[in-house]
Amino acid sequence: MSLKDQITEDMKTAMRAKDSERLGTIRLLLAALKQKEVDERIELDDAMVVAIVDKLVKQRKDSVAAFTQGGRTDLADKEAAEIKVLEVYLPQRMGADEIAAEVKAIVAELGAKGAGDMGKVMGAVKTRLAGKADMGLVSAAVKAALSGG
Numbered sequence: 014m015s016l017k018d019q020i021t022e023d024m025k026t027a028m029r030a031k032d033s034e035r036l037g038t039i040r041l042l043l044a045a046l047k048q049k050e051v052d053e054r055i056e057l058d059d060a061m062v063v064a065i066v067d068k069l070v071k072q073r074k075d076s077v078a079a080f081t082q083g084g085r086t087d088l089a090d091k092e093a094a095e096i097k098v099l100e101v102y103l104p105q106r107m108g109a110d111e112i113a114a115e116v117k118a119i120v121a122e123l124g125a126k127g128a129g130d131m132g133k134v135m136g137a138v139k140t141r142l143a144g145k146a147d148m149g150l151v152s153a154a155v156k157a158a159l160s161g162g
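Here's what the structure looks like:
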């Protein structure tokens, strides 16, 4: 069963259970998936679905930070609940040590020397670690590796 099919089944389960918060979040996710398919006239595979889920989680995290800063804990809690629902569809994330090791290996493969090679390294890292790691942590690991850290 593809990830998209699993999300659809989870929507049906949430409907039957009358779990309105979960159902709303899953419907938002399915709408984002459908929008991508219609815009680009493609059928999404699991990797593309993970990328969209990752993007939605990042948006929610940014919203939580903004709402918390603005003193709107009610809205921050709602966004945090949506993050929990969305993270179910992401693969197991790599830890900081695993990310650092993978980044060092890629830097060595590419022969990257300094900050000027950051774009080249990030391009390779993104393709290899897409959906497996938080890109904020990956970016920090790349900067550390290229600065000799």
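For the sequence shown, the working numbering assigns the number 14 to the initial residue and increments by one for each residue that follows. Note that the Cβ used here is the ideal one computed from N, Cα and C, for glycine as well.
task: Take the Cβ of V101 as the centre, count every other Cβ of all protein chains shown within 10 Å, and call the residue buried at 16 or more, exposed below.
output: It counts as exposed.
message: How far does the alpha helix (DSSP H) with V98 in it extend, from its first residue to its last?
response: T86 to E100 is the extent of the alpha helix (DSSP H) around V98.
task: Under 7 Å Cβ to Cβ from K74, same chain only, skipping five residues before and after it: list those, please.
output: For K74, where only same-chain residues beyond five positions count, the Cβ hits under 7 Å are I96.
- prompt: In whole angstroms, what separates the C-alpha of D59 from that of A137?
  reply: Here the alpha carbon of D59 sits roughly 20 Å from the alpha carbon of A137.
- request: Given a cut-off of 9 Å, decide if L88 and V70 are closer than it, judged by their beta-carbon atoms.
  value: Taking 9 Å as the Cβ cut-off, V70 and L88 do not qualify as a contacting pair.
query: With a Cβ-Cβ cutoff of 9 Å, do K17 and V62 count as a contact?
result: The answer is yes: Cβ separation under 9 Å.
K145 versus Q105, A118 and E22, residue with shortest Cα-Cα distance: Taking each of Q105, A118 and E22 in turn and checking the Cα distance to K145, the smallest one comes out for Q105.
query: In three-state DSSP terms, what is K31?
result: Of the three classes helix, strand and coil, the one that applies to K31 here is coil, per DSSP.
query: Looking at A143 and D67, is the spacing between their C-beta atoms short of 9 Å?
result: Yes, they are a contact pair.
field: Three-pair Cβ contact test at 8 Å for the stretch 128 to 135 versus the stretch 151 to 160
entry: By the Cβ criterion, the stretch 128 to 135 is in contact with the stretch 151 to 160, since at least three pairs of Cβ atoms, one from each stretch, lie closer than 8 Å.
message: Contact criterion: CB-CB distance below 9 Å. Does I20 meet it with respect to chain D?
response: The structure shown has no chain D; it contains just one protein chain.
Cβ-Cβ distance between L150 and I119 below 9 Å: I119 is positioned such that its CB atom lies no closer than 9 Å to that of L150.
- prompt: Out of curiosity, what's the CA-to-CA distance linking K31 and R141?
  reply: Distance between the alpha carbons of K31 and R141: 39 Å.
task: Pick helix, strand or coil for M61, following the three-state DSSP scheme.
output: Here DSSP, grouped into helix, strand and coil, assigns M61 to helix.
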